[in-house]
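Chains as they are written, first to last, in the working numbering: chain A, 1 to 155; chain B, 1001 to 1155. Accompanying notes for the structure given below.
There are 2 protein chains.
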Amino acid sequence: MSNNKIDQEVDNQTSDLVIEKQVCFSLYSAANAIIRAYRPMLKALDLTYPQYLVMIVLWNDDGINVKELGHKLHLDSGTLTPLLKRLEGKELLTRQRGLEDERVREIFLTEQGIQLKNLAETIPNQMLCKSKLPVEELLTLKESCDKMCDNLQDE
Amino acid sequence: MSNNKIDQEVDNQTSDLVIEKQVCFSLYSAANAIIRAYRPMLKALDLTYPQYLVMIVLWNDDGINVKELGHKLHLDSGTLTPLLKRLEGKELLTRQRGLEDERVREIFLTEQGIQLKNLAETIPNQMLCKSKLPVEELLTLKESCDKMCDNLQDE
DNA sequence: TAAAAATAAATTGCGCGCAACCTAATTGCC
DNA sequence: GGCAATTAGGTTGCGCGCAATTTATTTTTA
């Protein structure tokens, strides 16, 4: 009789390389699940989740430029430029060169872009229901995610 | 004098469509930050983060098939098939047809794939340090993410 | 047992994320 | 003023994630 089984068990207790133990994997899977859950709701607005995030920023900060937008969403121009072009193609926004600094692109909502907010108002609450988690737990979760994000940033 | 400022502030208190309030955005950003943080560590193993996840599963469950792997990682064949082909190209694994059921693909580590685990052993602890969060908080975070994932799943 | 249904994996196509690189405009410094 | 350094944004290329569809195999059922 070999003692492989026992050796393996001992090994698994020692090693952290087990998928079920990985906090990062849980976070990664939850993020994927969230984007998946948003999809049917956002289909009505013809938006992807990252596009929806951009629209949220613009609804509160119309005229923001690409750098500031990237800072708020933790995304770079390699992601944002094509995404913004797609939203421009849907006529939700326009991308205008800064008057005082020609390097800057300022993003302005069109009337259609402004109006889309009406269709989006119910989404946060729908998502809250889908998560089936108490608000208090969600706030704690958010705090930890924000800290994680900040801590991984400055290296 | 217009009362635009006041109107806006009242509006923002009412509406949840503000990026800073969005739990989902925090989770999404944290997940992106995590993958970004893994990248320099995984470069030494010539793996992406999703490839690393597949390897972790295989190190503990060699011979697993695509369906079971997809179930563990919450990913489908559209993601896994090309990813597994890339790992096969790196000669870390082989993809063999099941003997009793020809539809099934069973994934087996090569000697090289098995040996790669040695280089990976230090990664979980490195990541723990980078996060700068107490283990207790990380465990709570993981619990919430797992619940979120489960709750969004069954709809 | 032959046709229908179910199942496992593969394929196609699109939109991210991001590294690496490039371009154009602005700022700093002598 | 002129040239180097910096800055903002754009481009290219690759690897996911996933919806939608297809192919091949197995199971069910009439």
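Using N, Cα and C, we set each Cβ at its ideal position, and we do this for glycine too. Keep in mind it's a predicted model, so treat the numbers as computed, not measured.
Residue i, DSSP secondary structure in three states
i: glutamine 1022 (chain B); result: coil
i: leucine 93 (chain A); result: strand
i: glycine 78 (chain A); result: helix
i: alanine 44 (chain A); result: coil
i: aspartate 1016 (chain B); result: coil
i: leucine 1133 (chain B); result: coil
i: serine 144 (chain A); result: helix
i: aspartate 1150 (chain B); result: helix
i: glycine 1113 (chain B); result: helix
i: glutamate 121 (chain A); result: coil
i: glycine 1070 (chain B); result: helix
i: glutamate 1088 (chain B); result: helix
i: leucine 1083 (chain B); result: helix
i: leucine 138 (chain A); result: helix
i: leucine 99 (chain A); result: coil
Closer than 7 Å to chain B by CB, residue i
i: serine 131 (chain A); result: yes
i: lysine 142 (chain A); result: yes
i: leucine 27 (chain A); result: yes
i: leucine 69 (chain A); result: no
i: isoleucine 151 (chain A); result: Just to set this straight, residue 151 (chain A) is asparagine in the shown sequence, not isoleucine. It does; some Cβ of chain B falls within 7 Å.
i: valine 135 (chain A); result: no
i: isoleucine 114 (chain A); result: no
i: aspartate 146 (chain A); result: yes
i: aspartate 16 (chain A); result: yes
i: asparagine 4 (chain A); result: Confidence at asparagine 4 (chain A) is low in this model, with a pLDDT of 46, below 50, so the placement of that residue should be treated as unreliable; the coordinate-derived value is given next. Asparagine 4 (chain A) does not count as touching chain B.
In DSSP terms, what residue i is bridged to
i: asparagine 65 (chain A); result: A:Glu106
Alpha-carbon spacing of residue i relative to residue j, whole angstroms
i: arginine 1105 (chain B); j: leucine 1069 (chain B); result: 11 Å
i: lysine 142 (chain A); j: serine 1026 (chain B); result: 6 Å
i: alanine 1030 (chain B); j: methionine 55 (chain A); result: 20 Å
i: leucine 944 (chain B); j: glutamine 112 (chain A); result: In the structure as shown, chain B begins at 1001 and stops at 1155. Residue 944 (chain B) is therefore absent and cannot be evaluated.
i: leucine 1138 (chain B); j: glutamate 91 (chain A); result: 42 Å
i: arginine 1103 (chain B); j: tryptophan 59 (chain A); result: 50 Å
i: glutamate 121 (chain A); j: leucine 99 (chain A); result: 33 Å
i: leucine 93 (chain A); j: phenylalanine 108 (chain A); result: 5 Å
i: leucine 17 (chain A); j: isoleucine 64 (chain A); result: 43 Å
i: glutamine 115 (chain A); j: lysine 43 (chain A); result: 16 Å
i: lysine 1067 (chain B); j: aspartate 62 (chain A); result: 46 Å
i: glutamine 1022 (chain B); j: glutamate 1088 (chain B); result: 40 Å
i: asparagine 32 (chain A); j: cysteine 1129 (chain B); result: 24 Å
i: valine 1057 (chain B); j: isoleucine 123 (chain A); result: 35 Å
i: proline 50 (chain A); j: glutamine 1096 (chain B); result: 38 Å
i: lysine 1147 (chain B); j: aspartate 101 (chain A); result: 48 Å
i: proline 1082 (chain B); j: threonine 79 (chain A); result: 23 Å
i: lysine 1117 (chain B); j: isoleucine 19 (chain A); result: 13 Å
i: arginine 39 (chain A); j: cysteine 149 (chain A); result: 24 Å
i: histidine 74 (chain A); j: threonine 1110 (chain B); result: 38 Å
Residue-level contact to chain A via CB, residue i, 7 Å cutoff
i: valine 1066 (chain B); result: no
i: proline 1082 (chain B); result: no
i: isoleucine 1162 (chain B); result: Residue coverage of chain B in this structure runs from 1001 to 1155, which leaves residue 1162 (chain B) outside it and unanswerable.
i: isoleucine 1107 (chain B); result: no
i: serine 1138 (chain B); result: What sits at residue 1138 (chain B) in the sequence shown is leucine, not serine. Taking Cβ atoms only, chain A reaches closer than 7 Å to leucine 1138 (chain B), which makes this a yes.
i: valine 1023 (chain B); result: yes
i: aspartate 1007 (chain B); result: Residue placement at aspartate 1007 (chain B) is flagged as unreliable, the pLDDT there being 43, under the threshold of 50; the coordinate-derived value follows with that caveat. False, the Cβ-Cβ gap to chain A never drops below 7 Å.
Could you name the residues of the stretch 36–62 of chain A whose beta carbon sits closer than 8 Å to any beta carbon of chain B, in the order they occur along the chain? Arg36, Ala37, Tyr38, Tyr49, Leu53, Ile56, Val57, Trp59, Asn60
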